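Numbering (my numbering), first residue to last: 92 to 358. To start, the structure itself, in structure tokens.
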Ligand SMILES: [Zn+2]
Ligand SMILES: [Zn+2]
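Written as structure tokens, this is what we have:
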């Protein structure tokens, strides 16, 4: 078997009522007040299943007034994958919507960038706007996993399995990493919050939650280079993903990213 993988975007929550300024830093008539969808991503290959990000739970949804459709761990179960069977979880960064539910994957090791752990436990957390997207409960649980020898640290580029590699880009959060996955249609890059929407990367317009705008801009170029084609970049929160890719389940909102999109972004 080759190192080709299947990838499924699993949508577990949505936020409506957004204005253009919520989604784009620079005012532009092309900007939209698009809904924000929340995903985790399941990578399936010869070496087993790899989960990318763990989403948030009902308590976090209530605290932040978000609507949770289904807990991501339960969504996986509906998709036919037992959460306790997952051995590798990539955490792109430690924001609450990517790093909750860390108690729901008892067999997993968590792949994290050195810089994200430093960022989430260091002096920047003294500042409210930088601290806001993090939950101290999630960060504390990740610290416990460090002490339980369940965290695999990466510094820059790393590998989870053949054909599944990690790449630090920073920008949105200091230790943000993206995931490059070999598939039958070429390498697909799960950009996570390196680009919330297609519009952020296509129009070079930052999402307003950002630690370092320069690193974010460099990150867009890095993501494009890693993917090699605009149709192989998957933004972290764009509802358009659910329209472009075929539905893969009747039981849960899962979409097959290893298949060709319905429309192309190529010029
Ligand atoms: Zn984030
Ligand atoms: Zn996010």
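We put the CB at the ideal spot given by N, CA and C, even for glycine. Please read all numbers here as calculations on a predicted model, not as lab measurements.
query                                                                                                                                                      : result
By how many angstroms is the C-alpha of residue 345 removed from the C-alpha of residue 99?                                                                : 6 Å
Given this structure, state the Cα-to-Cα distance separating residue 123 from residue 240, to the nearest angstrom.                                        : 43 Å
If residue 280 and residue 269 are in contact, beta carbons under 8 Å, what's the gap, nearest whole angstrom?                                             : 6 Å
Quick one: is residue 92 buried, meaning 16 or more other Cβ sit within 10 Å of its Cβ, or exposed?                                                        : The pLDDT assigned to residue 92 is 49, lower than 50, so where the model puts this residue is not dependable, and the model offers no usable value.
Under a three-way DSSP split, which group does residue 92 fall into?                                                                                       : Reliability of the predicted coordinates at residue 92 is poor, the pLDDT of 49 falling under 50, and no value is obtained from them.
Under three-state DSSP, which class holds residue 210?                                                                                                     : helix
Could you work out which residue in 301, 252, 274 and 200 is closest to residue 287 when comparing CA atoms only?                                          : 301
Tell whether a beta-carbon distance below 7 Å holds between residue 185 and residue 153.                                                                   : no
Pull up the DSSP beta-bridge partners for residue 100, would you.                                                                                          : 132 and 346
Whole angstroms is fine: what's the gap from residue 249's alpha carbon to residue 257's?                                                                  : 5 Å
Nearest to residue 189 by alpha carbon, out of 247, 116 and 101?                                                                                           : 101
Here's the rule I'm using: 16 or more other beta-carbon atoms within 10 Å means buried, otherwise exposed. How should residue 297 be labelled?             : buried
Nearest to residue 290 by CA position, among 119, 94, 196 and 103, is which residue?                                                                       : 119
Closer than 8 Å is the cut-off here; do at least three beta carbon pairs connect the segment 338-357 with the segment 303-311?                             : no
To the nearest angstrom, how far is it from the Cα of residue 274 to the Cα of residue 174?                                                                : 23 Å
Quick check on the contact list: which residues have their beta carbon closer than 7 Å to a heavy atom of ligand 1?                                        : 184, 186, 188, 189, 224, 263, 264, 284 and 300
Run through DSSP, which three-state label would residue 259 get?                                                                                           : strand
Check whether the segment 317-330 touches the segment 127-135, taking contact to mean three or more Cβ pairs, one atom from each stretch, closer than 8 Å. : yes
How about the segment 106-120 and the segment 136-143: do they share at least three Cβ pairs that are nearer than 8 Å?                                     : no
Check residue 249 in the structure and name its three-state DSSP category.                                                                                 : strand
Please determine, among 96, 260, 319 and 202, the residue with the shortest C-alpha to C-alpha distance to residue 357.                                    : 319
How is residue 324 classed by DSSP in three states: helix, strand or coil?                                                                                 : strand
Compare the Cα-Cα distances from residue 110 to each of 342, 125 and 266 and report the closest residue.                                                   : 125
Starting from residue 113, follow the alpha helix (DSSP H) in both directions and report where the run begins and ends.                                    : 111-114
Can you tell me whether residue 273 is helix, strand or coil according to DSSP?                                                                            : strand
Assuming residue 243 contacts residue 201 (C-beta within less than 8 Å), just tell me the rounded distance between them.                                   : 7 Å
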